[in-house]
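Chains as they are written, first to last, in the numbering used here: chain A, -19 to 375; chain B, 2 to 107.
Heads up, the beta-carbon is just placed ideally off N, CA and C, and yes, glycines get one too.
This structure is a prediction, so every number in the text was calculated from the model and none was measured.
The block underneath contains the structure these notes are about, expressed in structure tokens.
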Amino acid sequence: MVLNLKRKESEKEHRLILRTINSLNDSVMVVNPDLSINVSNSSLIDMCGLEGRKVSELKCFEIYGYTEQCKDCAFLDPTITRSFREANGKKLTVTMNHFDRYIVESLRDTTKELKLIDEIKKQQETLHEKQRQMSLLNEDLLRMNEKLKKAHKIIDEELTQVGEIQASLLPESLPQIEGYDFGAFYVPAEHAGGDYYDCIEMSNGYWGLGVADVSGHGIPASVIMAITRAIMRSYTYDIISPAEAVAMVNEILCDNIHTNDFVTMFYTVFNSKMNTLRYASAGHNPLLFYDKSEMLVKKISAHGMFLGAFDMVEYEEGTLEIDSGDVVFLYTDGLNEAMNRSRDQYGYDRLISKIMMFSSLPVSEMIENIMNDVEDFTQGNPFEDDITILAFKKL
Amino acid sequence: MLEVQDKGGKKLVFVKGEINAQTGSELKKDVLALFESADSAVLSFKGVVYMNSSGLREIIDLLKSSNKAKKNLMLCEMSSDIREMFTFTGLDKVFKIYDTQAQALG
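See below:
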């Protein structure tokens, strides 16, 4: 009776234990030293696809599809407490605990976690690969940047050299003519510009005086400037009609320059003995003439097309008579169009008032004062265009 | 972007602001693109506040390209300053310049 009671008690405990382990999500099996399965829960059957099979008749390794004892069996090496197995297409993480003579294995389905870890690893590899490529690209960029810097430096040096050559093309000295005072100013917007002025003493005693502005800046403009200057100093040398001279320059430029560049020029032929100035304009800004007798500055111009754009063009010509105190002021549009930061132009009104204000000064000082005023106006805003001035006064 | 109106087969283009090297070059490109679908374009200069020599260069370039493509380029509604620039440079003889839109659109 007592025995029967004890057995019933023991069976009750056994059922409780079974119910408990059956309620676990993880699979659990208790393995005997002979590797047979002493007890297992229902999760094991679901997890390992053992429906219809008697688990109690299986050896533990058969759960995992092996035909012999697993190599990392905890019975072989008691220090092993965790291992990985595969069953029913799932990746299982197995935790092994020794209890007395038995081993309790709990199996967790870690398929998703492992897959996730796998994906993370793959992504990390991709990331590493991309980082490697980026760093290679970065190295390439740095190298290219170095090359660019070098190339830029070479171009800069060459431009400076072109600028120096160009400066050497300007008259070394201004005309020394009795009764007259000359002044000039030249500053390119970049290292090399497209402006120039020239004073050519002809064999017949006349002077060819002019300012020119090549469209554009930099090397192309400076090459065209050099060509124009060479034409003026060879073909039109000794031609006393400025209209005829610029027409000739236009034809030669049209024949030789096939880019879209063009040149504007105000060209005058000065007869210092007769105090007369004949002038022609090839699309250039008007000459400013300070007439002392009338105390005003006149805009003097003549009709005429740019040089090098359209051939077979005729140019108008005019003549000025210069009296004592009169000022002839030639310039390029970089002067009147110099801009401040608000993009207001220096303009003719300011320029004309300054010419009148400083007309009694030596011409070089007049130009200096005007340029100071332009710089005051632009307040450090860099000049966008070259500025050239050639002026003279009858004393 | 340019404001363009279709006027009986002619494109009427409203040019605005400054015409300098950059805006002039864009204008040239845009007008030449218009010539792919039209034979005539009228540029209204009413909204032009300033044009420098680099801008003028692009306009001349546009005229040359238009002539080469046998397209008709016309200009109208210029301010007196810009008109003077065209007159003094003799460009009034190579460009077709009109006082009003109506005259240009004829």
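Quiz prompt | residue 13 of chain B versus residue 36 of chain B - alpha carbon distance | solution = Numbered from 1 along the second sequence, position 12 holds the residue referred to as residue 13 of chain B. Numbered from 1 along the second sequence, position 35 holds the residue referred to as residue 36 of chain B. A direct Cα-Cα distance of roughly 12 Å separates residue 13 of chain B from residue 36 of chain B.
Exercise. Step through the CB atoms of chain A and report whether any lies within less than 8 Å of the CB of residue 67 of chain B.
Key: As a working note, residue 67 of chain B is residue 66 in the second sequence. Residue contact with chain A for residue 67 of chain B: absent (no Cβ-Cβ distance below 8 Å to any residue of chain A).
Exercise. Compile a chain-ordered list of the residues in the stretch 316 to 336 of chain A whose CB is closer than 9 Å to at least one CB of chain B.
Key: Shown in chain order are the members of the stretch 316 to 336 of chain A whose Cβ falls below 9 Å from a Cβ of chain B: 317, 323, 325.
Practice problem: Kindly say whether residue 235 of chain A, judged by its beta-carbon, lies nearer than 8 Å to any beta-carbon of chain B. | Solution: Here residue 235 of chain A refers to the residue found at position 255 of the first sequence. For residue 235 of chain A, not one C-beta of chain B is nearer than 8 Å to its own C-beta.
Quiz item: Taking any Cβ of chain A, which residues in the stretch 44 to 59 of chain B have a Cβ under 7 Å from it, in chain order?
Solution: Within the stretch 44 to 59 of chain B, the qualifying residues are 53, 54, 55, 58.
Quiz item: Would a check of beta-carbon distances place residue 293 of chain A closer than 8 Å to chain B?
Solution: As a first step, residue 293 of chain A is located in the first sequence; it is residue number 313 there, counting from the start. Residue 293 of chain A counts as touching chain B.
Practice problem: Would you list, in sequence order, the uninterrupted beta strand (DSSP E) runs of no fewer than 3 residues that lie entirely inside the stretch 209 to 296 of chain A? | Solution: Whole beta strand (DSSP E) segments, 3+ residues: 243 to 251, 256 to 262, 267 to 271, 276 to 280.
Quiz item: Interface residues of chain B around residue 281 of chain A at Cβ under 8 Å?
Solution: For the purposes of this step, residue 281 of chain A is taken as the residue at position 301 of the first sequence. Result: 89.
Quiz item: When you check each C-beta in the stretch 248 to 266 of chain A against every C-beta of chain B, which residues fall closer than 9 Å?
Solution: Of all residues in the stretch 248 to 266 of chain A, the ones placed with a Cβ closer than 9 Å to any Cβ belonging to chain B are 261, 262, 263, 264, 265, 266, in chain order.
Quiz prompt | Cβ neighbour criterion (16 or more within 10 Å) applied to residue -18 of chain A | solution = As a position in the first sequence, residue -18 of chain A is number 2, starting the count at 1. Exposed: under 16 other Cβ atoms inside 10 Å.
Quiz item: Per DSSP, what kind of secondary structure is residue 54 of chain A in: helix, strand or coil?
Solution: Here the question's residue 54 of chain A lines up with position 74 in the first sequence. Per DSSP, reduced to three states, the secondary structure at residue 54 of chain A is coil, with no helix or strand assignment.
Practice problem: Check the Cβ of residue 290 of chain A against every Cβ in chain B and list those closer than 7 Å, keeping chain order. | Solution: Within the first sequence, residue 290 of chain A is the residue found at index 310, counting from 1. 95, listed in chain order.
Practice problem: Would you kindly report the start and end of the unbroken alpha helix (DSSP H) that includes residue 27 of chain A? | Solution: As a working mapping, residue 27 of chain A is identified with position 47 in the first sequence. In the DSSP assignment, residue 27 of chain A falls within the alpha helix (DSSP H) that extends over 22 to 28.
Quiz item: Under a CB-based cut-off of 8 Å, is residue 202 of chain A close to chain B?
Solution: Position 222 of the first sequence holds residue 202 of chain A. False, the Cβ-Cβ gap to chain B never drops below 8 Å.
Quiz prompt | For residue 192 of chain A and residue 243 of chain A, the rounded distance between their alpha carbons | solution = Position 263 of the first sequence holds residue 243 of chain A. Position 212 of the first sequence holds residue 192 of chain A. Roughly 7 Å between the two C-alpha positions.
Quiz item: Would a check of beta-carbon distances place residue 20 of chain B closer than 8 Å to chain A?
Solution: For the purposes of this step, residue 20 of chain B is taken as the residue at position 19 of the second sequence. No, residue 20 of chain B lies away from the interface with chain A (no Cβ there is under 8 Å from its Cβ).
Quiz item: Helix, strand or coil: which one does DSSP assign to residue 86 of chain A?
Solution: As a working note, residue 86 of chain A is residue 106 in the first sequence. Note: residue 86 of chain A maps to strand in three-state DSSP.
Quiz item: Using DSSP with H/G/I as helix, E/B as strand and the rest coil, what is residue 108 of chain A?
Solution: The sequence position of residue 108 of chain A within the first sequence is 128, counting from 1. If DSSP states are grouped into helix, strand and coil, residue 108 of chain A belongs with the helices.
Quiz item: Quick one, which of B:46, B:59, B:67 has its alpha-carbon nearest residue 40 of chain B's?
Solution: In the second sequence, the residue the question calls residue 40 of chain B occupies position 39. Per the Cα distances, B:67.
Quiz item: What's the C-alpha gap between residue 359 of chain A and residue 157 of chain A?
Solution: On the first sequence, residue 359 of chain A is found 379 positions in, with the first residue counted as 1. On the first sequence, residue 157 of chain A is found 177 positions in, with the first residue counted as 1. A straight-line Cα-Cα distance of about 37 Å links residue 359 of chain A and residue 157 of chain A.
Practice problem: Taking the CB atoms as reference points, tell me whether residue 302 of chain A and residue 308 of chain A lie closer together than 8 Å. | Solution: Taking the first sequence and counting its residues from 1, one reaches residue 302 of chain A at position 322. Taking the first sequence and counting its residues from 1, one reaches residue 308 of chain A at position 328. Contact flag set, yes.
Quiz item: Which of the three DSSP states, helix, strand or coil, is assigned to residue 65 of chain A?
Solution: Here residue 65 of chain A corresponds to residue number 85 of the first sequence, with the count starting at 1. When secondary structure is reduced to three states using DSSP, residue 65 of chain A falls in the strand class.
Quiz item: Looking at the unbroken beta strand (DSSP E) that takes in residue 78 of chain A, where does it start and where does it end?
Solution: Indexing the first sequence from 1 puts residue 78 of chain A at position 98. DSSP places residue 78 of chain A inside the beta strand (DSSP E), whose first and last residues are 70 to 79.
Exercise. Name, please, each residue of chain B whose Cβ falls closer than 8 Å to the Cβ of residue 240 of chain A.
Key: Residue numbering aside, residue 240 of chain A sits at position 260 when the first sequence is read from its first letter. Those are 58, 61, 62, 65, listed as they occur along chain B.
Exercise. Taking only beta-carbon positions, decide if residue 286 of chain A is within less than 8 Å of chain B.
Key: Here residue 286 of chain A refers to the residue found at position 306 when the first sequence is read from its first residue. So, interface residue.
Quiz item: Counting only beta-carbon atoms, is residue 196 of chain A nearer than 8 Å to chain B?
Solution: Numbered from 1 along the first sequence, position 216 holds the residue referred to as residue 196 of chain A. Nearest CB-CB separation between residue 196 of chain A and chain B: below the 8 Å threshold.
Quiz item: Considering only the beta carbon of each residue, do residue 89 of chain A and residue 72 of chain A sit closer than 8 Å?
Solution: The count along the first sequence starts at 1 and reaches residue 89 of chain A at position 109. The count along the first sequence starts at 1 and reaches residue 72 of chain A at position 92. It is a contact, given that the beta carbons lie within the stated cut-off.
Self-check item: Other residues of its chain near residue 55 of chain B: CB distance less than 7 Å, five sequence neighbours each side excluded
Solution: Here residue 55 of chain B corresponds to residue number 54 of the second sequence, with the count starting at 1. Within the same chain, residue 55 of chain B has close Cβ partners 21, 22, 25.
Practice problem: Could you tell me how far apart the beta carbons of residue 262 of chain A and residue 230 of chain A are, in whole angstroms, since I believe they sit closer than 8 Å? | Solution: Within the first sequence, numbered from 1, the residue matching residue 262 of chain A stands at position 282. Within the first sequence, numbered from 1, the residue matching residue 230 of chain A stands at position 250. Contact between residue 262 of chain A and residue 230 of chain A holds, with the beta-carbon distance rounding to 7 Å and staying under 8 Å.
Quiz item: Cα-Cα, which of B:104, B:48, B:18 is closest to residue 75 of chain B?
Solution: Here the question's residue 75 of chain B lines up with position 74 in the second sequence. Distance check between residue 75 of chain B and each of B:104, B:48, B:18 places B:104 closest, using alpha-carbon atoms only.
Exercise. Tell me, please, whether the CB atom of residue 244 of chain A is closer than 8 Å to any CB atom in chain B?
Key: Locating residue 244 of chain A in the first sequence gives position 264, counting from the first residue. Closer than 8 Å to the CB of residue 244 of chain A there is at least one CB belonging to chain B.
Self-check item: Per-residue contacts from residue 218 of chain A into chain B (C-beta, under 8 Å)
Solution: Along the first sequence, one-based indexing puts residue 218 of chain A at 238. At a C-beta separation below 8 Å, residue 218 of chain A has no neighbours in chain B, since its nearest C-beta there lies roughly 26 Å away.
Quiz item: How far does the beta strand (DSSP E) with residue 12 of chain B in it reach, from first residue to last?
Solution: Taking the second sequence and counting its residues from 1, one reaches residue 12 of chain B at position 11. DSSP places residue 12 of chain B in the uninterrupted beta strand (DSSP E) bounded by 11 to 20.
Quiz item: Measuring CA to CA, which of A:296, A:183, A:237 is closest to residue 200 of chain A?
Solution: Working through the first sequence from its first residue, we reach residue 200 of chain A at position 220. It is A:237.
Self-check item: Given residue 240 of chain A as reference, the closest of B:85, B:99, B:57, B:72 once Cα atoms are compared
Solution: Residue mapping note: residue 240 of chain A aligns to position 260 of the first sequence, counting from 1. The residue with the shortest Cα to Cα distance from residue 240 of chain A is B:57.
Quiz prompt | Rounded distance between the beta-carbons of residue 255 of chain A and residue 374 of chain A, thought under 8 Å | solution = On the first sequence, residue 374 of chain A is found 394 positions in, with the first residue counted as 1. On the first sequence, residue 255 of chain A is found 275 positions in, with the first residue counted as 1. Right, their Cβ atoms sit about 7 Å apart.
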